[in-house]
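Visitor:
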Amino acid sequence: MYWLNELLSLLNVSPASRLWIERSASLFAILLPIPVIFAFMKWKRPRQTILPPYRERVLILGASSGVGRELALAYANRGCRQLVIVGRREKELQIVAVECDEERKKGEEWDMSDEAPGYENVKSKKTVAITADCSNAEDIVRIREECRKAFEGIDTVHICFGVSALRPLLGIPGVDPIRPMKRADLLPNLPQSSKTNAAEADVAGILVTQEATRRINEVNITGTSMVLSAFLPFLQMTSPSPSIHLLSSAAAVIPAPTRPLYGASKAAQLILFQATAIEAAAQAKHSRKEGSLQKRAHVRFYASVPGTILSNFRASAVDGSPDEISAFDSSWNVKGGGKSDAILPKHLAQHVILAVDQYKEGTDEIPFKYWAARRAFPFAPGLLARMASKKYAYN
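full-length UniProt numbering numbers the first residue of the sequence shown as 1 and each following residue consecutively.
1. Take L59 as the anchor and find which of L71, N189 and P52 has the nearest alpha-carbon.
2. Taking three-plus beta-carbon pairs below 8 Å as touching, is the region 150-158 in contact with the region 50-69?
3. Starting from the C-beta of Q283, find all residues in its chain whose C-beta is less than 6 Å away, skip the five residues before and the five after it, and write them out in chain order.
4. On the DSSP bridge assignment, give the partners of W371 in chain order.
5. Pop quiz: Y394 and V356 are said to be a contact at Cβ under 8 Å. What is the actual Cβ separation, rounded to whole angstroms?
6. From R179, F273, E90 and G205, pick the residue whose C-alpha is nearest to that of N189; which is it?
7. Leaving aside the five residues before and after P345 along the sequence, list all residues of the same chain whose C-beta is less than 8 Å from its C-beta, in chain order.
8. Check H298 in the structure and name its three-state DSSP category.
9. Could you work out which residue in D202, P191, G162 and E102 is closest to T222 when comparing CA atoms only?
10. Within the same chain, show all residues whose beta-carbon is closer than 7 Å to that of M181, passing over the 5 residues directly before and after it, in chain order.
11. Please confirm whether A349 and S331 have their CB atoms less than 8 Å apart.
12. Pull up the distance between the alpha-carbon of L272 and that of S225, whole angstroms please.
13. If you check the beta carbons only, do V305 and V253 fall under 8 Å apart?
14. Please report the distance separating the alpha-carbon of N217 from that of L293.
15. Would you list the one or two residues that DSSP bridges to G362?
16. Tell me the residue span of the alpha helix (DSSP H) that contains R215.
17. Can you round the beta-carbon distance between L270 and S241 to whole angstroms, since I take them to be within the 8 Å contact cut?
18. Mind checking who G87 pairs with in its DSSP beta bridge?
19. Are the Cβ atoms of A250 and Y370 separated by less than 8 Å?
20. Please check the pair V86 and I143, which I expect to be a contact at CB under 8 Å, by giving their CB distance rounded to whole angstroms.
21. Nearest-angstrom Cα distance between A76 and D101?
22. Straight-line CA distance for Q82 to I353?
23. Applying the criterion that 16 or more other CB atoms from any shown protein chain within 10 Å of the CB defines a buried residue, is D323 buried or exposed?
24. Measuring only the C-alpha atoms, how far is R45 from K289?
25. Who does Q48 pair with in a DSSP beta bridge?
26. Could you give the first and the last residue of the continuous beta strand (DSSP E) run that contains L247?
27. For V141, count neighbouring C-beta atoms within 10 Å of its own C-beta (all shown protein chains included) and say buried if the count is 16 or more, exposed if not.
28. Verify whether the separation of the beta carbon atoms of Y359 and R78 is less than 8 Å.
29. Quick check on I271: does DSSP put it in helix, strand or coil?
30. Have a look at the DSSP bridge pairing and note the partners of L61.
31. Between which two residues does the alpha helix (DSSP H) containing D329 stretch?
32. In three-state terms, what does DSSP make of I254?
33. Output needed for S316: all residues of its chain with C-beta closer than 6 Å, excluding positions within five of it in sequence on either side, in chain order.
34. Note down, in chain order, each residue of its chain lying with its Cβ closer than 7 Å to the Cβ of S17, except the 5 sequence neighbours on either side.
35. List the endpoints of the continuous alpha helix (DSSP H) containing N77.
36. Can you tell me whether I221 is helix, strand or coil according to DSSP?
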């Protein structure tokens with residue numbers, strides 16, 4: 001600070017004021033790097049040092065719409081040339097594939113990736129689109145073998161498929177006292193009752209409840225377990241830095257009215273994902289022991305746990321269309337837009353990719369209020385129950 005002392009002397013600053021100014025300047029010099037370091041830590045992407053965008057092999061399951069679609073477009077935009085997208089709806093999936101190929105041309109990595117080290121090993125410049133059902137064993141194996149054939153492995157898997165359920169539990173058999181509605185029409189052979197004010201579920205109503213539970217679990221739980229069993233070893237043995245992302249939901253960690261089936265299936269899915277992560281870590285450690293025949297890399301398991309997303313996901317409800325059952329969520333307004341607490345699929349996709357690039361693991365509640373609500377629930381369950389009832393207009 002010699003120069004500062006000389007400057008203050010020239011300005012005839014008193015010794016007391018000079019001392020105060022010098023100390024303030026020293027403190028400022030010490031604190032100045034902190035926001036720079038914070039910004040660096042927030043936005044750094046260490047995984048890219050191992051897997052640059054043009055080398056990363058990405059598989060997105062459930063890419064025909066919503067967050068899965070936005071993930072595909074975001075990867076394509078940043079230069080990913082080894083991208084596999086999977087969905088059940090062939091027409092929508094092919095549209096996404098074309099959009100990805102167009103988006104890739106705009107990507108910031110496009111101009112340099114042709115000359116980047118390792119580019120000569122890239123076997124495809126176009127998005128690979130596979131129409132498949134992730135709750136079908138033959139389809140899952142076909143997806144894996146297509147990835148093996150095209151890219152000899154996979155580095156990143158995004159599990160984005162799933163179905164929803166929007167009725168209160170008693171609304172499925174048609175006996176809900178708050179929201180009177182007909183029984184869910186899931187079994188065509190059962191005669192539909194015209195009554196909407198029955199007090200107790202009959203045999204037909206209980207069978208419909210069983211069917212709704214089976215349908216949602218078949219996709220959200222069974223499908224996820226099948227995908228993990230098929231792709232976990234593939235990731236462990238073909239990637240230098242493997243990662244799996246699960247698109248979960250705040251309904252998995254915070255109970256809410258009108259979402260009992262959906263919340264239960266997502267909670268079970270999340271526990272399945274977390275328990276598998278523990279097993280995978282043990283498998284990687286075990287493979288490093290001397291004499292192990294097959295080395296397995298450590299797989300990072302990351303679950304995004306968002307609140308309401310502004311997409312058409314509600315249309316996948318196993319218990320009836322949103323309009324048919326007057327489904328309500330205060331995060332949606334009457335014009336079909338959303339309030340500030342709702343999440344755009346594009347923004348969530350960008351958040352997820354950054355998290356994967358930063359080696360994040362565990363659960364990630366988005367936005368912050370759901371992080372706070374999850375941790376506050378054991379201490380104030382009544383308050384959060386009232387807030388949830390208001391959000392879904394079930395009171």
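For glycine and all other residues, C-beta sits at the position ideal for the given N, C-alpha and C.
Guide: Working from what's here:
1. Position 59 of the sequence shown, counted from the first residue, corresponds to residue 59. Ranking L71, N189 and P52 by Cα distance to L59 puts L71 first.
2. Contact between the region 150-158 and the region 50-69 is present, because at least three Cβ pairs lie under 8 Å.
3. Position 283 of the sequence shown holds residue 283. Result list for Q283: R296, in chain order.
4. Start at 1 with the first residue of the sequence shown, and residue 371 comes out as number 371. Beta-bridge pairing links W371 to no other residue.
5. Start at 1 with the first residue of the sequence shown, and residue 394 comes out as number 394. Start at 1 with the first residue of the sequence shown, and residue 356 comes out as number 356. Between V356 and Y394 the Cβ distance is about 36 Å, and since that is not below 8 Å, they are no contact.
6. Position 189 of the sequence shown, counted from the start, is the residue given in the question as residue 189. The residue with the shortest Cα to Cα distance from N189 is G205.
7. Residue 345 sits at position 345 when you count from the first residue of the sequence shown. A distance below 8 Å between beta-carbons, with the five flanking residues on each side excluded, links P345 to the following residues of its chain, in chain order: G66, V67, R69, E70, I309, L310 and S311.
8. One-based indexing of the sequence shown puts residue 298 at position 298. Coil.
9. For the purposes of this step, residue 222 is taken as the residue at position 222 of the sequence shown. Minimum Cα distance to T222 is reached at G162.
10. Numbered from its first residue, the sequence shown carries residue 181 at position 181. Leaving aside the five residues that flank M181 on each side, the residues in its chain whose CB is nearer than 7 Å to its CB run, in chain order, G171, G174, T196 and I325.
11. Taking the sequence shown and counting its residues from 1, one reaches residue 349 at position 349. Taking the sequence shown and counting its residues from 1, one reaches residue 331 at position 331. One thing to note: A349 has its Cβ no nearer than 8 Å to the Cβ of S331.
12. On the sequence shown, position 272 is the one that residue 272 refers to. On the sequence shown, position 225 is the one that residue 225 refers to. Whole-angstrom Cα-Cα distance: 7 Å.
13. Sequence index remark: in the sequence shown, residue 305 carries index 305 (1-based). Sequence index remark: in the sequence shown, residue 253 carries index 253 (1-based). Between V305 and V253, the CB-CB gap stays under 8 Å.
14. As a first step, residue 217 must be located in the sequence shown, where it is residue number 217. As a first step, residue 293 must be located in the sequence shown, where it is residue number 293. For N217 and L293, the distance between alpha carbons rounds to 36 Å.
15. Reading the sequence shown from its first residue, position 362 is the one you call residue 362. Partner(s): Y302.
16. To locate residue 215, count along the sequence shown from 1; it is residue 215. Note, R215: alpha helix (DSSP H), V203 to N217.
17. Here residue 270 is taken as the residue at index 270 of the sequence shown, counted from 1. Here residue 241 is taken as the residue at index 241 of the sequence shown, counted from 1. Here L270 is actually not in contact with S241; their C-beta atoms are around 23 Å apart, not less than 8 Å.
18. Within the sequence shown, the letter at position 87 stands for residue 87. According to the DSSP secondary-structure assignment, G87 is paired through a beta bridge with T131.
19. Sequence index remark: in the sequence shown, residue 250 carries index 250 (1-based). Sequence index remark: in the sequence shown, residue 370 carries index 370 (1-based). Yes.
20. Taking the sequence shown and counting its residues from 1, the one referred to as residue 86 is at position 86. Taking the sequence shown and counting its residues from 1, the one referred to as residue 143 is at position 143. With a Cβ gap of about 6 Å, V86 and I143 count as contacting.
21. Here residue 76 is taken as the residue at index 76 of the sequence shown, counted from 1. Here residue 101 is taken as the residue at index 101 of the sequence shown, counted from 1. Between A76 and D101, the C-alpha separation is close to 7 Å.
22. Along the sequence shown, one-based indexing puts residue 82 at 82. Along the sequence shown, one-based indexing puts residue 353 at 353. If you take the alpha carbons of Q82 and I353, they lie about 15 Å apart.
23. Here residue 323 is taken as the residue at index 323 of the sequence shown, counted from 1. Around the beta-carbon of D323, fewer than 16 other beta-carbon atoms lie within 10 Å, marking it exposed.
24. Here residue 45 corresponds to residue number 45 of the sequence shown, with the count starting at 1. Here residue 289 corresponds to residue number 289 of the sequence shown, with the count starting at 1. The alpha-carbon of R45 is positioned some 30 Å away from that of K289.
25. Position 48 of the sequence shown holds residue 48. Answer by DSSP bridge pairing: none, since Q48 is not bridged.
26. Within the sequence shown, numbered from 1, the residue matching residue 247 stands at position 247. In the DSSP assignment, L247 falls within the unbroken beta strand (DSSP E) covering S243 to L247.
27. By 1-based counting over the sequence shown, the position of residue 141 is 141. Its Cβ having fewer than 16 others within 10 Å, V141 is exposed.
28. Here residue 359 refers to the residue found at position 359 when the sequence shown is read from its first residue. Here residue 78 refers to the residue found at position 78 when the sequence shown is read from its first residue. When the beta-carbon positions are compared, Y359 and R78 stay at least 8 Å from each other.
29. The residue labelled residue 271 in the question sits at position 271 within the sequence shown. Correct three-state label for I271: helix.
30. On the sequence shown, residue 61 is found 61 positions in, with the first residue counted as 1. For L61, which the question treats as bridged, DSSP gives the partners V86 and I159.
31. Here the question's residue 329 lines up with position 329 in the sequence shown. Following the DSSP letters along the chain, one finds D329 in no alpha helix (DSSP H), marked with neither H nor E.
32. Taking the first residue of the sequence shown as position 1, residue 254 is located at position 254. In this structure, I254 counts as coil in the three-state DSSP scheme.
33. The residue labelled residue 316 in the question sits at position 316 within the sequence shown. So the qualifying residues of the chain are V163 and S164.
34. Locating residue 17 in the sequence shown gives position 17, counting from the first residue. Around S17: no qualifying Cβ.
35. Within the sequence shown, the letter at position 77 stands for residue 77. First-last of the alpha helix (DSSP H) with N77: G66 to N77.
36. Start at 1 with the first residue of the sequence shown, and residue 221 comes out as number 221. In the structure shown, the three-state DSSP call for I221 is helix.
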